[in-house]
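**Student:** Quick one: structure below, then a few questions.
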Amino acid sequence: MRIPKLNTKDLVTVSDLTRNEIMALFNLTAGLKRDAARGRHPDFLKKKSLAMIFEKSSTRTRVSFETGVTQLGGHALFLDGNSIQLRRGETIFDTAKVLSRYVDGIMIRTFSHDNVVELAKSASVPVINGLSDEHHPCQALADFFTIFERDRRLKEVTMAYVGDGNNVAHSLIQCAAILGVNIVLACPAQYEPDPTIVEDARRVASRSGSKVTITRDPEAAVRDAHYIYTDVWISMGEEKKAAAKKRALAKYRITKELLSKGRPDSKVMHCLPAHRDEEIEADVLDSGRAIVFDEAENRLHVQKAVMCALMGK
Ligand code: CP
Ligand code: NVA
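Laid out in structure tokens, this is it:
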């Protein structure tokens with residue numbers, strides 16, 4: 001197994017990576033996953049420490065990062081955002097400087113994306129974005145690895161995303177554009193993805209030979225899609241906007257009816273946690289069309305590869 005050299009210290013957004021770097025990470029991910037299935041784990045992170053700052057809830061990210069670093073010979077520290085000094089006004093700069101004296105990498109889940117950018121700039125050790133209000137790069141990498149396992153020819157794949165143009169959508173857009181995967185997003189006008197991210201991704205996609213399309217029409221989005229993705233309507237921190245968002249997103253749901261308008265072999269994706277019978281029908285989530293637990297599992301394997309590349313020997 002080869003640990004790729006990346007031209008970045010941090011993983012703040014998917015755009016920190018090139019196509020070749022993502023493919024090299026996927027190759028390492030596949031190797032680590034094969035080894036793990038045989039009960040073997042290389043010690044690529046021997047004696048390395050990862051600090052994990054969580055200012056928002058998490059199941060997958062917390063467990064997959066901690067398990068991943070432990071499997072490879074290192075260990076993780078869970079830092080609850082409410083009980084570290086950051087909460088009492090210590091600056092991100094000082095926190096970054098201090099943690100850099102103790103640990104070999106920092107993972108952060110926070111609200112403002114600027115917090116991740118500032119932490120990465122101030123820390124001398126690698127910083128990994130475990131979700132901000134704008135981006136969720138580890139999720140998108142795990143999702144496209146899940147697709148790559150099934151369809152080696154990524155450039156022939158089309159993904160539809162139906163719902164809120166949120167942090168997960170942003171990272172999927174960036175990753176699709178870099179990898180040459182077509183992505184069509186069906187969103188209501190007021191909840192489209194950030195236009196700057198879309199424009200940048202379109203420039204990248206024009207070079208990789210794919211397209212980023214935005215539509216209001218979920219049926220048009222899913223018609224030719226091989227993978228149909230959705231995420232919750234109300235992201236963490238948006239609880240006050242719940243009523244307005246639920247009204248606007250009411251027809252942007254993955255249902256059996258919507259799936260019947262598309263390819264019979266399309267697969268359904270969701271980063272989880274899901275709100276059953278809100279953005280996705282429970283029957284769809286529980287059907288053979290859904291590959292959501294493969295995505296969840298692949299968070300573990302992809303993040304191990306990312307940590308090896310950023311923090312490994
Ligand atoms: N998909 C994801 O990031 O899940 P958690 O919020 O449980 O970490
Ligand atoms: N968009 C969701 C993703 C959760 C993994 C949120 O930010 O809450």
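Just so we're aligned: 63 in the working numbering is position 63 of the sequence shown, and the numbers increase by one with no gaps anywhere.
We put the CB at the ideal spot given by N, CA and C, even for glycine.
Treat the numbers as computed from the prediction; the structure is a model and nothing was measured.
Beta-carbon separation of Gln71 and Lys304 under 9 angstroms?
**Tutor:** Yes, the pair counts as a contact, with Cβ atoms nearer than the cut-off.
**Student:** Among Pro4, Lys251, Gly39, which residue has its Cα nearest to the Cα of Leu25?
**Tutor:** Nearest C-alpha to Leu25: Pro4.
**Student:** From the DSSP output, in three-state form, read off Phe111 for me.
**Tutor:** Three-state DSSP puts Phe111 in coil, outside helix and strand.
**Student:** If we call anything under 9 angstroms between Cβ atoms a contact, is Ala96 one with Lys56?
**Tutor:** Contact: no.
**Student:** Give the single residue among Lys47, Ile147, Tyr161 whose Cα lies nearest to the Cα of Ile254.
**Tutor:** Of Lys47, Ile147, Tyr161, the residue nearest in Cα terms is Tyr161.
**Student:** Could you say which of Ser206, Cys187, Pro188 lies nearest to Gln174 if we only look at CA atoms?
**Tutor:** Gln174 has its Cα closest to that of Ser206, out of Ser206, Cys187, Pro188.
**Student:** If we call anything under 9 angstroms between Cβ atoms a contact, is Cys187 one with Arg216?
**Tutor:** Going by C-beta atoms, Cys187 is nearer than 9 angstroms to Arg216.
**Student:** Would you decide whether Asn115 is buried or exposed? Buried here means 16 or more other CB atoms lie within 10 Å of its CB.
**Tutor:** Counting Cβ neighbours within 10 Å, Asn115 comes out buried, since at least 16 surround it.
**Student:** Given a threshold of 16 other Cβ atoms within 10 Å of its Cβ, counted over all protein chains shown, does Asp43 qualify as buried or as exposed?
**Tutor:** It is exposed - the Cβ of Asp43 has fewer than 16 other Cβ atoms within 10 Å.
**Student:** So Ala76 packs on Phe65, CB below 8 angstroms; how close in whole Å?
**Tutor:** Rounded, the Cβ-Cβ distance is 6 angstroms, consistent with contact.
**Student:** May I ask you to report which of helix, strand or coil DSSP gives Thr70?
**Tutor:** Residue state, collapsed to three classes: helix.
**Student:** Nearest by alpha-carbon distance to Ser235: which of Leu300, Tyr191, Ile84, Ile214 is it?
**Tutor:** For the residues Leu300, Tyr191, Ile84, Ile214, the minimum Cα distance to Ser235 belongs to Tyr191.
**Student:** May I ask you to list the residues that DSSP assigns as paired with Ala290?
**Tutor:** Answer is Val268.
**Student:** Does DSSP put Met1 in a helix, a strand or coil?
**Tutor:** In the structure shown, Met1 sits in coil (DSSP, three-state: anything other than H, G, I, E or B).
**Student:** Hey, quick one: how far does the alpha helix (DSSP H) through Thr215 stretch, first residue to last?
**Tutor:** Note, Thr215: premise wrong, no alpha helix (DSSP H); beta strand (DSSP E) at 212-215.
**Student:** Given the structure, does Asp283 come close to the ligand NVA, in the sense that its CB is under 8 angstroms from one of the ligand's heavy atoms?
**Tutor:** Every heavy atom of the ligand NVA is 8 angstroms or more from the Cβ of Asp283, so no.
**Student:** Hey, Phe54 and Arg60 are a contact pair by Cβ (cut 8 angstroms); roughly how many whole angstroms apart?
**Tutor:** Actually they do not touch by this definition, with Cβ atoms about 12 angstroms apart.
**Student:** Can you give me the Cβ contacts of Thr146 inside the same chain, cut-off strictly under 7 angstroms, excluding the 5 residues immediately before and after it?
**Tutor:** Only Ile291, Asp294, Glu295, Asn298 meet the Cβ criterion.
**Student:** Using 10 angstroms around the beta-carbon of Asn20, count the other beta-carbons present and answer buried if the total reaches 16, otherwise exposed.
**Tutor:** Result: exposed.
**Student:** Beta-carbon separation of Leu154 and Phe144 under 9 angstroms?
**Tutor:** For Leu154 and Phe144, yes; Cβs fall inside 9 angstroms.
**Student:** Quick check on DSSP: helix, strand or coil for Thr95?
**Tutor:** Reduced to three states, the DSSP call for Thr95 is helix.
**Student:** How should Pro137 be labelled, buried or exposed, when 16 other C-beta atoms within 10 angstroms of its C-beta is the threshold for buried?
**Tutor:** Label assigned to Pro137: buried.
**Student:** Using DSSP with H/G/I as helix, E/B as strand and the rest coil, what is Asp80?
**Tutor:** Note: Asp80 maps to strand in three-state DSSP.
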